Amino acid sequence: MAAAVQVETPKRPITGDRALIFFNEAAGSVGPGDREKLIEAVQAHGFDKYALVGPEKLTKKLLSRAKKFDVIIVLGGDGTAKGAAELAPRNGPPLILLPGGTMNILPKVLYGDLAWPAALAAALERGVIKRLPVGKANSKSFFIAGLFGAPTLLARAREAVREGKPLTAVKRLRHYTKRAFSRPVRAKPEGGRMRSAEGIGVLCPSFSGLVEGKSLEWVRLDAKNVVDLARLSIRAMSPDWRNDDVVDVRTCTRGDIKSVGVIPATLDGEPTTFLSHVRISYDRNGPRVIALEPEASA
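FYI, in the working numbering the residues of the sequence shown are 85 to 382.
See below:
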């Protein structure tokens, strides 16, 4: 008689029973009753000792005291998730960043398209503790991508259209047409030379669906006209965009972006500006997170 096949049970990433929970009931996709459902799910996974607080308590001071907990669970919007990742002590309890917002860019990297109850269960049952790298633009953090230069103004105009704000979209489009192809940035990755570009993209490994990685992707956009940008916008819907003639992709851990006056930018989709110079850096030793291996999040 053949011997029974031994199936190894995946090792749980957390062995303790203490959880710190940040819950934002006003987040875009958090529904009525989710607070109670979250507490029930946490207790069902053996976390009998927990503290549940709102996003207004999400401070560096509180997180620095969180070492007595075994895990930090965040259910909220994109801002709450990013805030937790930014402020969490690098050697503190691992983070579980659940999808409760509209875009959920960080949760998608960690758990794919799972809804928050399934993502929580998967993270606690078969997740793996990893480091989430962080890019820096001067002192500002980004975990997915930083975009710099005039094309970010066009992206902001498209965002206003999606939000149903036509007047804002028109104003932003006018701003873009005044700036486009007239005030390029000058930029270089480490080891490279300063070159003019219509825009620069700096991509963390998470942009490509990876949690960890040795370096950033440095994307130089050498578009000469609106036709180039339109073609690239269409190709951006697939990984093929890297092969476009106006795109130059390299890897780096540092870089510099310069321009005369204000440099418009977006960091993880949030608009911001810099004055004259942006120093890019990369920290592989980001916050500890519980992620799923690619096949587990499919």
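All residues carry an ideal CB built from backbone N, CA and C; glycine is no exception.
Given the structure is predicted, the values throughout are model-derived calculations rather than measurements.
Is residue i near the ligand SAH - that is, is its Cβ less than 7 angstroms away from at least one heavy atom of it?
i	result
Ala221	What this structure holds is no ligand at all, so the ligand SAH is not there to describe.
Is the shortest distance between the beta-carbon of residue i and the beta-carbons of chain C less than 8 angstroms?
i	result
Phe153	Among the protein chains of the structure shown there is no chain C, as only one such chain exists.
What separation, rounded to the nearest whole angstrom, lies between the Cα atoms of residue i and residue j?
i	j	result
Ala125	Ala205	8 angstroms
Val311	Arg363	Because Val311 sits at a pLDDT of 48, beneath the cut-off of 50, its placement in the model cannot be relied upon, and the point is left open.
Pro201	Val344	48 angstroms
Phe265	Lys342	With a pLDDT of only 47 at Phe265, under 50, the local geometry of the prediction cannot be trusted, and no value is derived from it.
Arg96	Leu208	6 angstroms
Ile228	Asn327	21 angstroms
Tyr366	Ser299	7 angstroms
Ile318	Arg372	For Ile318, the predicted model reports a pLDDT of 46, less than 50, meaning its position is unreliable and no value from the coordinates is stated.
Gly211	Ile374	6 angstroms
Pro355	Gly176	29 angstroms
Ser360	Val333	23 angstroms
Pro235	Leu305	9 angstroms
Ser280	Lys144	39 angstroms
Arg277	Gly196	37 angstroms
Asp340	Arg270	8 angstroms
Glu120	Gly161	18 angstroms
Ile213	Glu274	30 angstroms
Thr99	Lys272	46 angstroms
Leu237	Ile347	10 angstroms
Ala221	Arg368	15 angstroms
Pro150	Gly163	As written in the sequence, residue 150 is Ala, which differs from the Pro given in the question. When rounded, the distance between both Cα atoms is 20 angstroms.
Pro116	Leu122	11 angstroms
Ala172	Ala128	25 angstroms
Phe358	Val303	19 angstroms
Leu147	Lys133	17 angstroms
Val137	Ala203	20 angstroms
Pro378	Val331	28 angstroms
Pro139	Ala103	16 angstroms
Arg174	Lys192	21 angstroms
Phe291	Ile105	27 angstroms
Pro323	Lys152	43 angstroms
Ile156	Pro178	6 angstroms
Terminal residues of the continuous alpha helix (DSSP H) containing residue i?
i	result
Thr164	162-171
Leu122	118-128
Which residues bound the beta strand (DSSP E) around residue i?
i	result
Leu198	Looking at the DSSP string, Leu198 is not in any beta strand (DSSP E), and its letter there is neither H nor E.
Lys141	Premise fails: Lys141 is in no beta strand (DSSP E) and is neither H nor E.
Ala271	269-273
Ala221	218-221
Gly293	Looking at the DSSP string, Gly293 is not in any beta strand (DSSP E), and its letter there is neither H nor E.
Gly230	229-233
Lys224	224-226
Arg174	Where Arg174 is concerned, there is no enclosing beta strand (DSSP E), given that its DSSP letter is neither H nor E.
For my contact list, residue i and residue j are in at a C-beta cut-off of 8 angstroms; report their separation, rounded to the angstrom.
i	j	result
Phe107	Leu181	That pair is no contact at about 13 angstroms.
Val286	Gly219	6 angstroms
Leu351	Leu194	The pair is not a contact, with the Cβ atoms about 19 angstroms apart (cut-off 8 angstroms).
Val295	Leu198	Not confirmed; about 15 angstroms, so no contact.
Asp154	Gly130	With a Cβ gap of about 10 angstroms, Asp154 and Gly130 do not count as contacting.
Gly167	Leu190	The Cβ separation is near 11 angstroms, so there is no contact.
Ser225	Glu170	5 angstroms
Gly230	Ala349	6 angstroms
Gly283	Gly233	3 angstroms
Pro301	Thr335	Note on identity: in this sequence residue 301 is Glu, with Pro being the wrong assignment. Between Thr335 and Glu301 the Cβ distance is about 6 angstroms, and since that is below 8 angstroms, they are a contact.
According to DSSP, residue i sits in a beta bridge with which residue or residues?
i	result
Ala135	Leu104
Pro371	Pro371 pairs with nothing; no bridge assigned.
Arg157	According to the sequence displayed, residue 157 carries Ile and not Arg. Per DSSP, Ile105, Ile180.
Glu301	Leu287, Thr335
Ser280	Arg270
Glu354	Leu351
Ile98	Answer by DSSP bridge pairing: none, since Ile98 is not bridged.
Leu194	DSSP lists no partner for Leu194.
Ile364	Ala221, Gly339
Leu359	Val346
Val212	Ala375
Touch test, the region 112-120 against the region 176-190, Cβ-Cβ under 8 angstroms, three pairs minimum: Contact between the region 112-120 and the region 176-190 is present: three or more C-beta pairs spanning the two stretches fall below 8 angstroms.
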